[in-house]
Structure formats: C-alpha cells, structure tokens
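Student: Residue numbers (this note's numbering): 20 to 97.
Note that the Cβ used here is the ideal one computed from N, Cα and C, for glycine as well.
I have a structure here, written as structure tokens, and I will follow up with some questions on it.
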C-alpha cells in the first residue's frame, strides 16, 4: 500500500565514514559509519553535512553524504 509523503516533509539523511580509496565510494568499515542524523529539510541537512565535513578536513579519506530520503519514499509518478 503506497502512501503519499507530506510535501512539506523532505527528509534527508546525513552520514559518512572513511573510504577505501578516493576514486570510489566504498567504505573501509561499514560498521563504523557515522550516522549524523535524519533532517526535515535540505538546508538543515546541508548544515550538518558541512559541519561534519569541516570537522574531518584533516582526514582525506573521510567523506560525508546527504541522501534525499524523500525521493526514495515517494511513489513514482506514472
């Protein structure tokens, strides 16, 4: 049963971790991923991403990402 997501609720996930190499997006330790949180909009997710990215600037292998959860939860438009 598909349900519509509230159009004002655009959930975003911020997470990161140490990559195996800089040429791809394979994490060195999946169990060690840093789940920063789920945010109600892109602006707050981007602020959290920026803070984590700046805090880990000395670790070249560490990357953080913003995932648009609302896109995964919305039913496809036919």
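Would you decide whether residue 83 is buried or exposed? Buried here means 16 or more other CB atoms lie within 10 Å of its CB.
Tutor: With 16 or more other Cβ atoms within 10 Å, it is buried.
Student: Alpha carbon to alpha carbon, how far is residue 33 from residue 81? Give it in angstroms, no decimals.
Tutor: Approximately 13 Å between the Cα atoms of the pair.
Student: So what does DSSP say about residue 35, is it helix, strand or coil?
Tutor: Reduced to three states, the DSSP call for residue 35 is strand.
Student: Hey, quick one: how far does the beta strand (DSSP E) through residue 82 stretch, first residue to last?
Tutor: Residues 81-87.
Student: If we ignore side chains and look at the alpha-carbon of each, how far apart do residue 175 and residue 95 end up?
Tutor: Nothing in the structure corresponds to residue 175, since the chain is present only between 20 and 97.
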